[in-house]
Each structure stands twice: as structure tokens, then as C-alpha cells.
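Inspection log for the structure reproduced underneath, given as C-alpha cells.
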Amino acid sequence: MTALDEPADDLGLFGPDSVTWRIHGTLLLAVGGLRALFLQALHPRAMAGVAQNSDFRDDPWGRLYRTGDYVATVAFGTTQEARRAAARVRGIHRRLRGRDPYTGAEFRVDDPELLRWTHVCEVESFATTARRGGVRLTDADVDRYYTEQLRAAELVGLDPATVPSSAADIADYYADMRPKLALTKDAAAAAVFLFWPRMPLRVGLAGARAGWMGVTGLAFGLLPTWARQMYGGVGLPVADRTATLAVRSLAGTLSVLPERVRHSPRVRAGLARARAAERQ
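Residue 38 is where the sequence shown starts when you use this note's numbering, and the numbers rise one by one after that.
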């Protein structure tokens, strides 16, 4: 099926009544994505797989764009767009291998444990950042979001039955995973790089770098206490309160931006299909 063959009223895997659209339709998702990267890097094999196979140091903005576009396509694209994007990602992951930083043993990048860790860090970061940023989500909404996101987990090759699908399940999952986590050299280097990446040549370096460091610092501040402490950060409750106030302030600023700035082309296309479907 080509793009021309897809039904104009195809609202994708989730649709306008989903919690996914409420969470993924805000620019706070970018902050949540950075938070997820800090978390994901604490899994030694997950971080090794990225460090040994990725071009993120040479092309950080391209890597971030491609990741963001994939997330937006799965959430707001048509069903076929989401499936095609996931098929491309699975095809890439299927070919990649990494070396364990401690044992030297070879592992597959698409190992279910690594896919599950990546998925959980991502969706928990999106939900937590949105909620702390002022998006009105009840406990039931959050659980519904995690359940909806089982569709995204299945797209990357996971058995949905093996993926945590509630806030309680995710809390238990993190508790089980923490003994396996560590701040490796690759993770520490990645964290430094997130704070100080190569800036695009066409932007004002001083202002852009200051703004980027502010957003990255906010994402870091939104991490769970145990994760901040693993990086050597502050674990006091005041740090959590400060981060929450900061992300709410950012959300207020972002809310007044025009739609063409607040939403990517993929999100705008999904919203346009939803409006067209309502008029039919």
C-alpha cells in the first residue's frame, strides 16, 4: 500500500481520544526524550550498543531528529506509516551487534531485554515529564497510556505480555533492573555529550548552547532520585520540587507558541486528519 492508497480517515494506532495523543502532542515530549536518554544510558549493554553502532557524536542533531520523527510517526502517523517506520527500525537493529563492556561477550542490539529497557525508559519519561509539566493526567490515564504504548512496544519486536503496562508494573520493573545498572565510561561520556554537543553551524553558538544546556539540565533534574545519584547529581527532595517548577514554567511558555512551532509536520498531519474525520 502506498501513501496514496491509505484511507484519508486513518487516524493511526491511537487516535484523538487516546492518552498518547495528549502526551505526545506537546513540546514537553522533547524534554521527556532527553530524560529517557539519561536513563537508557545507565544500562551497560544498552549504552554499549549505542556507543559501538551509532553516529550520535558525529551527527547528534540528525540522530535526535530521526528518533523524534519515529516517535511522532508511531503516535500520529497513519497505521501503515507507523508499521513501515517500525519495520525499518527492526531491520536496522536486526543487523547490529555489540560487545559487553565488562565481559566482552557479543550481544544482539535487538535483545528483548534491551528493547524493553529502552521502551520503558521512554514511555515512563514521556508520562512523568508531561504530568510534572502540568498536563492533566489521572493515575488511570497514566496506566491507560502505558497500556496503549504496548502497541509501540510490539512494533519494535517485543511480546506485549513481557512489557510493564501500568505505573505499578514500571516501578517494580525499575526496582528489579537497578542492580543491573551502572555508570560506565560510555554512559558518563554520553551524559557529558548531551550537555555539550556539537552545535549546528548556522545558529548563534552562545545563545543556542545556553538554551540547550538549560533544557538538558531540566531533563536531568526530572530523573528519578536514584538515577541522578548514579550520575553524581543531587538527590535531595528540593531538587525534585525545583525541576517540577521549572518544567511547569517551560510548559506555560510553550503553550503560547503558534501551532506550526508547537507541533512537528507529522503531528500537524495527524491532527488535520482527525479534524477532517470529525467533519465527515
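Think of the CB as a built atom: it goes at the ideal place given N, C-alpha and C, for glycine as much as any other residue. This structure is a prediction, so every number in the text was calculated from the model and none was measured.
Sequence-distant residues of its chain with Cβ nearer than 7 Å to residue i (five each side left out)
i, result
"T279", "G258"
"F230", "R94"
"V304", "G62, A109, F113"
"R188", "L50"
Rounded straight-line distance, which links the Cα of residue j to that of residue i
i, j, result
"Q186", "R310", "21 Å"
"C158", "L74", "8 Å"
"P302", "W233", "28 Å"
"T184", "Y210", "15 Å"
"V87", "R246", "24 Å"
"A208", "R103", "29 Å"
"D96", "R125", "19 Å"
"R316", "E296", "20 Å"
"T281", "A306", "31 Å"
"S203", "A122", "26 Å"
Buried or exposed (CB count within 10 angstroms, at least 16 for buried), residue i
i, result
"D176", "exposed"
"A40", "In this predicted model, A40 has a pLDDT of only 44, less than 50, meaning its place in the structure is not dependable; the value taken from the coordinates is given anyway. A40 should be labelled exposed."
"Y107", "buried"
"G251", "exposed"
"V298", "exposed"
"E118", "buried"
"D46", "exposed"
"Y182", "buried"
"A205", "exposed"
"R235", "exposed"
"V275", "exposed"
"A313", "exposed"
"V179", "buried"
"L273", "exposed"
"L48", "buried"
"P201", "buried"
"V293", "exposed"
"A212", "exposed"
For residue i, the nearest candidate out of the options (CA to CA)
i, options, result
"D223", "L71, G70, L79", "L79"
"S162", "P261, Q266, G269", "P261"
"L218", "W263, E191, G251", "W263"
"Q89", "R246, V275, M267, A226", "A226"
"D277", "P295, A256, M267, V293", "A256"
"G248", "V160, V68, G135, P274", "V68"
"G270", "A228, A306, L282", "A228"
"G254", "G70, T57, A124", "G70"
"Y120", "E315, V160, E191, R215", "For clarity, residue 120 is Arg in the given sequence; the question names Tyr instead. The residue with the shortest Cα to Cα distance from R120 is E191."
"Q266", "V160, R215, A306, A123", "R215"
Same chain, Cβ closer than 6 Å to residue i, neighbours up to 5 away in sequence not counted
i, result
"R127", "G194"
"R100", "F93"
"L308", "none"
"H300", "none"
Cβ shell of residue i (< 8 Å), same chain only, five flanking positions each side left out
i, result
"A83", "Q77, L151, W154, T155"
"L65", "T166, A167, G170, V172, V284, L287, A288, L291"
"Y139", "P81"
"P149", "G194, L195, D196, T199"
"R136", "A85, Q89, A142, E143, F144"
"L174", "V56, R59, I60, A164, A167, R168, Y182"
"R72", "S162, T165, T166, A256, F257, L259, L260"
"T221", "P81, M84, A85, P138"
"S91", "R100"
Proximity test, residue i beta-carbon vs the ligand FMN heavy atom, cut-off 7 Å
i, result
"L48", "By its list of ligands, the structure shown contains no ligand whatsoever, and the ligand FMN lies outside what it can speak to."
> Any contact of the region 123-133 with the region 53-60, i.e. 3+ C-beta pairs under 8 Å?
Replying inline: Taking 8 Å as the limit for Cβ pairs, the verdict is that the region 53-60 does not touch the region 123-133.
> Counting pairs of Cβ atoms below 8 Å between the region 100-117 and the region 59-72, do you hit three or more?
Replying inline: Segment contact: the region 100-117 against the region 59-72, three or more CB-CB distances shorter than 8 Å; contact assigned.
>> Across the region 136-153 and the region 167-175, are there enough close Cβ pairs to call them in contact, namely three or more that are closer than 8 Å?
In response: No: fewer than three Cβ pairs fall under 8 Å.
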